[in-house]
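Structure, as structure tokens:
Number of protein chains: 2
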Amino acid sequence: MDGLTINQAAATTGWSPRMLRYLDSTGLVTPPRTASDYRIYGPGELQRLRTLRNLLDSQGIEISDVGFAQRMRSQPDLQSAVEGWLDAPVAPPEGVADTADWLRFEQDKHERLLTLAGGAS
Amino acid sequence: MDGLTINQAAATTGWSPRMLRYLDSTGLVTPPRTASDYRIYGPGELQRLRTLRNLLDSQGIEISDVGFAQRMRSQPDLQSAVEGWLDAPVAPPEGVADTADWLRFEQDKHERLLTLAGGAS
DNA sequence: AGAACCTTACCACGCCTCTGTCAGGGTTGT
DNA sequence: ACAACCCTGACAGAGGCGTGGTAAGGTTCT
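First to last, the protein sequences are chains A and B. Using this note's numbering, read the first sequence as starting at 716 and increasing by one per residue. Using this note's numbering, read the second sequence as starting at 716 and increasing by one per residue.
And the structure:
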């Protein structure tokens with residue numbers, strides 16, 4: 716078996732074994748398992764762990780933030796819903812005479828985004 | 716003055732006045748102010764508040780998640796750092812003979828992403 | 001076989017998010 | 001002028017996150 720056990724991986728990455736299990740549970744770093752469920756950390760996981768620490772420190776973000784970014788990655792409807800909300804203007808654009816028209820425009824846009832990202836036809 | 720005060724906005728959107736102030740403090744919905752610092756909610760803010768509630772409920776996410784997405788929006792280096800980490804493969808790709816070569820490849824990719832997103836030349 | 005390792009499952013603590021409420025003080029409407 | 005509204009700031013409590021520990025039990029090495 717090539718790869719480090721959880722304590723060895725902890726020693727070389729600076730994470731505690733406890734945190735490696737936690738990161739596994741969050742889905743951020745999920746090493747393969749042996750037949751008896753031992754976690755096996757290969758070079759890929761080790762690099763991922765080291766760069767994760769670097770990412771958190773350098774950007775001042777939390778583990779849960781990276782988890783959310785990953786979730787947006789894997790769920791396109793989530794991503795389009797969030798981005799659609801962020802893109803909605805705070806004031807009606809020029810050229811829209813009636814406020815009611817603008818609200819309808821925004822509503823339609825929202826629906827278009829959802830449909831585009833995976834809506835049932 | 717056209718626009719609703721905070722209690723009126725709360726009544727028509729379902730948020731509590733307390734939460735409207737909180738959302739203001741997080742930067743998610745920041746209404747303009749009168750000369751005496753009263754918050755004024757126009758149709759844009761009201762729509763944003765209603766769709767925010769809908770977004771949170773339908774996607775099962777938190778206010779802080781939307782805040783993080785907004786932060787990634789406004790900070791391209793943060794976005795590229797997070798996406799760079801998420802894109803890093805967990806195992807060396809085919810055709811890379813040496814593990815050390817692969818680590819160098821990953822390192823270079825990370826640097827390319829950072830440079831591309833706003834690095835000083 | 002026995003030491004040293006791994007697993008999951010809990011309890012616990014500090015910090016942050018979300019939400020309510022209240023106090024003290026300024027503004028608006030009648 | 002007075003009620004009704006707004007502001008900020010603070011305290012408070014439920015719940016989640018990040019992290020450590022520990023207990024009970026299975027696996028691997030020597």
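Backbone N, C-alpha and C fix where the C-beta goes; we use that ideal spot for every residue, glycine too. Everything numeric in this text was worked out from a predicted model, so none of it was measured.
Any C-beta of chain A under 8 Å from that of residue i
i              : result
L764 (chain B) : no
S773 (chain B) : yes
L719 (chain B) : no
A784 (chain B) : yes
R754 (chain B) : no
Proximal residues of chain B, C-beta to C-beta of residue i below 7 Å
i              : result
P804 (chain A) : G759
L788 (chain A) : Per the sequence shown, the amino acid found at residue 788 (chain A) is Arg instead of Leu. Residues of chain B passing the Cβ test: L801.
Expected contact under 8 Å - CB spacing of residue i and residue j to nearest Å
i              : j              : result
L743 (chain A) : Q785 (chain A) : 7 Å
G782 (chain B) : T728 (chain B) : G782 (chain B) to T728 (chain B), Cβ: 18 Å. No contact.
A796 (chain B) : S773 (chain A) : 7 Å
Listed by chain order, chain A residues near residue i by CB distance under 7 Å
i              : result
D739 (chain B) : Neighbours of D739 (chain B) on chain A: none; closest Cβ ~12 Å, over 7 Å.
Sequence-distant residues of its chain with Cβ nearer than 8 Å to residue i (five each side left out)
i              : result
W730 (chain B) : A724, L738, L764, R768
L793 (chain B) : R786, M787
L770 (chain A) : I776, V781
Q762 (chain A) : none
Contact list for residue i against chain B, beta-carbon separation under 9 Å
i              : result
L735 (chain A) : Under the 9 Å cutoff, chain B gives no residues; its nearest Cβ is about 14 Å from L735 (chain A).
Where residue i meets chain B, residues with beta-carbon distance less than 8 Å
i              : result
W800 (chain A) : R763, T766, L767, L770, V781
A796 (chain A) : L770, S773, Q774
A724 (chain A) : Correct list: empty, because the minimum Cβ distance to chain B is about 14 Å.
Cβ shell of residue i (< 6 Å), same chain only, five flanking positions each side left out
i              : result
P746 (chain A) : R754, I755, Y756, E760
D752 (chain A) : none
L828 (chain A) : With a pLDDT of only 47 at L828 (chain A), under 50, the local geometry of the prediction cannot be trusted, and no value is derived from it.
I721 (chain A) : P732, L735, R754
A726 (chain B) : none
P804 (chain A) : none
Closer than 7 Å: residue i CB and nearest the ligand HEM heavy atom
i              : result
S731 (chain B) : You won't find the ligand HEM in this model; it holds no ligand whatsoever.
Sequence-distant residues of the same chain with beta carbon closer than 7 Å to residue i, five excluded per side
i              : result
G718 (chain A) : I755, Y756, G757
TODO: Would you check if the stretch 767-784 of chain B and the stretch 725-739 of chain B touch, i.e. whether three or more CB-CB distances between them fall below 8 Å?
DONE: yes
Any contact between the stretch 763-774 of chain A and the stretch 792-806 of chain A? By contact I mean 3 or more CB pairs, one from each, below 8 Å. no
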